[in-house]
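In UniProt numbering, the protein residues as written are 1 to 503.
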């Protein structure tokens, strides 16, 4: 209880100074990884008096994030429960739309599901902070080894091991959730009902659309301090209670899949890497979400779109009217974030085509152009996967100009920009020159520019923007997902300004 309250004290109301009756209400919340409040159990959400409600609801709910799946009957049930609490519903400001999906191929092929979970466990381990990795490594590694045997048929189906049994339970849950998704997808009234419910969340101003599950285990770094976590052999080797670990693994297996539908798994006996491809995400999902938001008259002030790139780029294709709908939804936005990660697996060799011939890249560009089509933008983040670049691997030819249409238009009110993408010196100079009257903050993350070039760019930006400049930051990606950026950086801030992007 003490740590969330200490974190909440950063906001306007210092919660540890509030009366006890309000603190009871606070216990119905917990923090997500971004520091937002999330309602843990709406059935126990109670307001003890109107006065308390008036004081606390606005203070808490301006940081509350409601997370829903884009295609699930459970989403409708969750929103119905939220709408029963009028004070809560009318002040919720943050909504996370998950577009992760349940794959039909994985649902019907248990062996393929097993190899998929081996790859996913490996990817998860790279993302975890050191504290969580210490507590999960031994058990999760053993589970992964036993799942690999299932994937390649080297196991006793009549006498599965403990972790193989957990995998089966998780797969059954995955199949159940897939059926729930398909029921919603084929229900003609689903999107209409979803739009009607969202229209009642009248205070929504922060929308995130993503397929990411950055905290799939739901654990915090403080897990290492939990007295139930035992130290087995040495200070840095810890083990979760087995029941706790089992629940985590089953829950992890039942999580929906990213849009990136290719994965790899090492076949140990054959000593080779096998590559697999899953089914693509449901067609038309992104256009449907923006249509739902427009129909519900939700025009967010802050909006983020971050998805992994599917193998079939036709999934990103939109008609002209659908692209205009995207632009209308973000027309009032002041803070935007656009990210496509895992691009490096899909765009192929850059010497295999000429500009304009890559249809898939054109779909990405069209979506980016529609999403950034607003003069009201003040803060902007462009993010692509740079982790392979940190290892000096080829990313493909997805460059800044392929995501940011600065050669076609400018943003007159743009004050801050963060670029995690590959760009040339000329790209950045041109962009800064065209926005020098408004820009104050520039964060740039890339690895292809020499250090001397980066230093020259910093001097150029200081001179071009002049005394209005608040912060310039160059930083290289670190090459590992649990440590996003390396210690190498160039930082200039004449007044010690440290800018935080709101989305």
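C-beta: ideal position from N, C-alpha, C; glycine also.
Quick check: residue 418 and residue 374, are their CB atoms within less than 8 Å of each other? Counting from 1 along the chain shown, the entry for residue 418 is found at position 418. Counting from 1 along the chain shown, the entry for residue 374 is found at position 374. No, the Cβ-Cβ distance between residue 418 and residue 374 is not below 8 Å.
Run the CB neighbour count on residue 489, radius 10 Å, all protein chains shown included, and call it buried at 16 or more, exposed below. As a working mapping, residue 489 is identified with position 489 in the chain shown. Flag for residue 489 reads exposed.
Taking only three categories from DSSP, how would you classify residue 9? Indexing the chain shown from 1 puts residue 9 at position 9. Legend: pLDDT at residue 9 = 33, less than 50; position of this residue unreliable, value from coordinates given subsequently. Of the three classes helix, strand and coil, the one that applies to residue 9 here is coil, per DSSP.
Could you please give the first and the last residue of the uninterrupted alpha helix (DSSP H) stretch that includes residue 311? Here residue 311 corresponds to residue number 311 of the chain shown, with the count starting at 1. Note, residue 311: premise wrong, no alpha helix (DSSP H); not H, not E.
CB-CB under 6 Å to residue 421, same chain, minus the five flanking residues each way: which ones, in chain order? Numbered from 1 along the chain shown, position 421 holds the residue referred to as residue 421. So the qualifying residues of the chain are 382, 384, 400.
For residue 317, which residues of its own chain have a beta-carbon under 7 Å away from its beta-carbon, when the five flanking residues on both sides are left out? For this step, residue 317 is matched to residue 317 along the chain shown. Answer for residue 317: 363, listed in chain order.
Any beta carbon of chain B sitting closer than 8 Å to that of residue 271? Absence of chain B from the displayed structure is noted, only one protein chain being present.
Within a Cβ cutoff of 6 Å, which residues of the same chain sit near residue 259, ignoring the five residues on either side of it in sequence? As a working mapping, residue 259 is identified with position 259 in the chain shown. Closer than 6 Å at Cβ, skipping near neighbours: 211, 281, 307, 308, 310.
Let me know the secondary structure DSSP gives residue 162 once reduced to three states. Counting from 1 along the chain shown, the entry for residue 162 is found at position 162. Reduced to three states, the DSSP call for residue 162 is helix.
Quick check for students: name the residue ranges of the alpha helix (DSSP H) that lie wholly in the stretch 127–200, counting only runs of 4 or more. 130–151, 162–185, 190–198
Using a Cβ-Cβ cutoff of less than 7 Å, which residues in the same chain neighbour residue 493 once the five nearest sequence positions on both sides are dropped? Here residue 493 refers to the residue found at position 493 of the chain shown. 470, 471, listed in sequence order.
Can you find the residues in the same chain that come closer than 6 Å, C-beta to C-beta, to residue 497, ignoring five residues on each side of it along the sequence? Position 497 of the chain shown holds residue 497. So the list reads 470, 471, once near-sequence residues are dropped.
Could you name the residues that DSSP lists as bridge partners for residue 303? By one-based count along the chain shown, residue 303 stands at place 303. Its beta-bridge partners are 207, 336.
Could you check whether the stretch 267–275 touches the stretch 239–246, counting it as contact only if at least three pairs of C-beta atoms, one from each stretch, sit closer than 8 Å? no
Name the DSSP beta bridge partners of residue 65, please? Residue numbering aside, residue 65 sits at position 65 when the chain shown is read from its first letter. According to DSSP, residue 65 bridges with 94.
Boundaries of the beta strand (DSSP E) in which residue 417 is found, first to last residue: Locating residue 417 in the chain shown gives position 417, counting from the first residue. Per DSSP, residue 417 belongs to the beta strand (DSSP E) from 416–420.
Just to confirm the assignment, what range does the alpha helix (DSSP H) spanning residue 78 have? In the chain shown, residue 78 corresponds to position 78, counting from 1. Segment 73–83, the alpha helix (DSSP H) holding residue 78.
Just to confirm my understanding: we take residue 139, look at its own chain, exclude 5 residues before and 5 after, and list those with CB closer than 7 Å. What are they? Stepping through the chain shown from its first residue, residue 139 is reached at position 139. Cβ within range, chain order: 239, 240, 245.
Just verifying my parser: in three-state terms, what is the DSSP assignment at residue 276? Translated into positions along the chain shown, residue 276 becomes position 276. Residue 276: strand per DSSP, three-state reduction.
Less than 8 Å between the beta carbons of residue 285 and residue 458, yes or no? For the purposes of this step, residue 285 is taken as residue 285 along the chain shown, with counting starting at 1. For the purposes of this step, residue 458 is taken as residue 458 along the chain shown, with counting starting at 1. For residue 285 and residue 458, no; Cβs fall outside 8 Å.
In terms of residues, what are the limits of the alpha helix (DSSP H) holding residue 248? Sequence index remark: in the chain shown, residue 248 carries index 248 (1-based). Per DSSP, residue 248 belongs to the alpha helix (DSSP H) from 242–253.
Near residue 191, what residues of its chain come up, given a Cβ to Cβ distance below 8 Å and the 5 sequence neighbours on each side ignored? What you label residue 191 is simply residue 191 of the chain shown in a count that begins at 1. Excluding residues within five positions, the ones whose Cβ falls inside 8 Å are 288, 291, 292.
In this structure, does DSSP put residue 490 in helix, strand or coil? For this step, residue 490 is matched to residue 490 along the chain shown. Strand.
Quick one: Cα of residue 402 to Cα of residue 408, how far? Along the chain shown, read from residue 1 onward, the residue named residue 402 stands at position 402. Along the chain shown, read from residue 1 onward, the residue named residue 408 stands at position 408. If you take the alpha carbons of residue 402 and residue 408, they lie about 11 Å apart.
Going by Cα to Cα distance, which pick from 304, 461, 466 is closest to residue 473? Mapped onto the chain shown, residue 473 falls at position 473. Ranking the options by Cα distance to residue 473, first place goes to 461.
Three-way DSSP call (helix, strand, coil) for residue 263 in this model: Taking the chain shown and counting its residues from 1, one reaches residue 263 at position 263. Strand, per DSSP.
Could you spell out the range, first to last residue, of the beta strand (DSSP E) harbouring residue 376? In the chain shown, residue 376 corresponds to position 376, counting from 1. Looking at the DSSP string, residue 376 is not in any beta strand (DSSP E), and its letter there is neither H nor E.
Figure out for me which residue from 426, 175, 501, 466 has the closest Cα to the Cα of residue 443. In the chain shown, the residue the question calls residue 443 occupies position 443. Considering only alpha carbons, the answer is 501.
Buried or exposed (CB count within 10 angstroms, at least 16 for buried), residue 272: Taking the chain shown and counting its residues from 1, the one referred to as residue 272 is at position 272. Per the 10 Å Cβ criterion, exposed.
Look at the Cβ atom of residue 441, then the Cβ atom of residue 304, and state whether they are nearer than 8 Å. On the chain shown, position 441 is the one that residue 441 refers to. On the chain shown, position 304 is the one that residue 304 refers to. Contact: no.
contact_flag[the stretch 189–205, the stretch 97–115] where n(CB pairs < 8 Å) is 3 or more: no
Using DSSP bridges, identify the partner residues of residue 257. For the purposes of this step, residue 257 is taken as residue 257 along the chain shown, with counting starting at 1. Residue 257 pairs with 101.
Below 8 Å between beta carbons: does that hold for residue 263 and residue 252? Here residue 263 corresponds to residue number 263 of the chain shown, with the count starting at 1. Here residue 252 corresponds to residue number 252 of the chain shown, with the count starting at 1. No, Cβ-Cβ distance for residue 263 and residue 252 is not below 8 Å.
Using alpha carbons as the reference points, say which of 405, 376, 69, 432 lies closest to residue 412. Numbered from its first residue, the chain shown carries residue 412 at position 412. The shortest Cα separation from residue 412 among 405, 376, 69, 432 belongs to 376.
With H, G and I counted as helix, E and B as strand and the rest as coil, what does DSSP make of residue 34? In the chain shown, counting from the first residue as 1, residue 34 sits at position 34. Here the model assigns residue 34 a pLDDT of 40, short of 50, so the residue's position is not dependable, and the following value carries that caveat. It is coil, neither helix nor strand.
So is residue 340 buried or exposed if we call it buried at 16+ other beta carbons inside 10 Å? As a working note, residue 340 is residue 340 in the chain shown. That one is buried.
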